[in-house]
Ligand code: NAD
Ligand code: GLY
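In my numbering, the protein residues as written are -5 to 348.
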């Protein structure tokens, strides 16, 4: 088992290792005084791993219950959040009890926000079952649900008490979800430097899950510890995300997040070359690695004006600025402040169409 300790909130461990899931009852012993556990999961993950988790918890002497919702981003909303709070109330859980988020980022964000707000906060454990959740969303304490007018509009910074990542659960992950996770992993490679970047180029992530997850979580841990509440440094984790989010929004979220990030990273690398901030060699290495993982790198056919609108740059007053994360070299990213009115030109240089 590999362990990464995160000093945020009350401090917690991220435990990564094959075979941890059937041992979850023993693992959660680090959270003191717990008697009852509510397992929150979606209707794809629960049938795969729910019984293993419930049995392990029961064997360890916990009283258990579960809350299962329809899988997908559409469930990350106030209605399902309200149903989950009602379930917590009906089950009579107190601040001494525990909630377990068993699933991907949707489950973690939703269950985490319920844990943050139910009775002003009860402990929760993240059990990521997607690659994206393993390397990103299960660590760092961002919890949220969406509103009809935007993603993650209601939420809280609330750190888990423990993260248990069992890479065996990734065996059932659909190929598209694996690739979405790989886009975020390549982002960590660009932020971190040659060692991780070359590792990803040499051998597929699927052949080195534990090592890669541990490295990515450690990188994220450093940003989170430096800037828990996302006021500065944590912004680096948004490499590729400004253009990526715009692409996702223009597609009405039919383009998944990982693909948006891949397109966004390729576009910002190209635009950075055009603006003299990044070498052609760096940009082509990023784009080649994305392609190696079958991730898209070309801007889809959305007009610049629509993309700029989706990124919010059109709404900003004259004189307002935007911050873009620039990949100057592998392992050397900077934050570049631009007038919001310049963003459409960055999109064009990144390969967007009129
Ligand atoms: P997800 O939770 O919807 O999971 C993707 C799909 O994979 C779902 O259909 C799910 O049922 C299925 N699945 C999950 N684990 C599986 C497994 N082991 N086997 C088979 N199928 C499995 O999506 P995601 O990509 O994990 O997360 C996306 C969400 O994460 C978004 O809502 C995003 O906003 C959020 N996010 C949060 C943070 C954060 O810091 N909190 C960071 C990044 C993303
Ligand atoms: N996913 C970016 C962050 O946690 O800040």
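From the three backbone atoms N, C-alpha and C, an ideal C-beta is built for every residue, glycine too.
Using only CA atoms, which one of the options lies nearest to residue i?
i	options	result
residue 24	40, 91 and 48	91
residue 344	114, 269 and 126	269
residue 336	327, 100 and 306	306
residue 47	27, 19, 37 and 26	19
residue 119	254, 22, 224 and 168	22
residue 72	52, 107, 242 and 50	107
residue 168	124, 199 and 267	124
residue 54	226, 16 and 10	16
residue 204	9, 3 and 2	9
residue 186	291, 134 and 324	324
If we count the other Cβ atoms within 10 Å of its Cβ and call it buried at 16 or more, is residue i buried or exposed?
i	result
residue 170	exposed
residue 279	buried
residue 45	exposed
residue 128	buried
residue 117	buried
residue 156	buried
residue 29	exposed
residue 83	exposed
residue 288	exposed
To the nearest angstrom, how far is it from the Cα of residue i to the Cα of residue j?
i	j	result
residue 80	residue 314	42 angstroms
residue 239	residue 346	14 angstroms
residue 122	residue 294	30 angstroms
residue 326	residue 262	14 angstroms
residue 207	residue 12	12 angstroms
residue 34	residue 274	46 angstroms
residue 102	residue 266	34 angstroms
residue 42	residue 342	44 angstroms
Suppose the cutoff is 8 angstroms on Cβ atoms and the five residues either side in sequence are ignored; what does the same chain contact list for residue i look like?
i	result
residue 283	180, 183, 191, 194 and 195
residue 126	98, 99, 171, 174, 175, 178, 251 and 252
residue 115	89, 109 and 152
Apart from the five residues just before and just after residue i, which ones in its own chain have a Cβ nearer than 6 angstroms to its Cβ?
i	result
residue 0	6 and 215
residue 56	31
residue 330	318 and 320
residue 228	217 and 221
Once the 5 residues before and after residue i are set aside, which same chain residues still bring their CB inside 7 angstroms of it?
i	result
residue 255	177, 178, 181, 234, 235 and 238
residue 297	347 and 348
Quick check for students: name the residue ranges of the beta strand (DSSP E) that lie wholly in the region 153 to 194, counting only runs of 3 or more. 156 to 159
At which residue ranges does the region 21 to 92 contain complete beta strand (DSSP E) runs of 3 or more residues, listed in the order of the chain? 30 to 36 and 57 to 63
Let me know the beta strand (DSSP E) ranges lying completely inside the region 270 to 333, each 3 residues or longer, listed in chain order. 315 to 323 and 326 to 333
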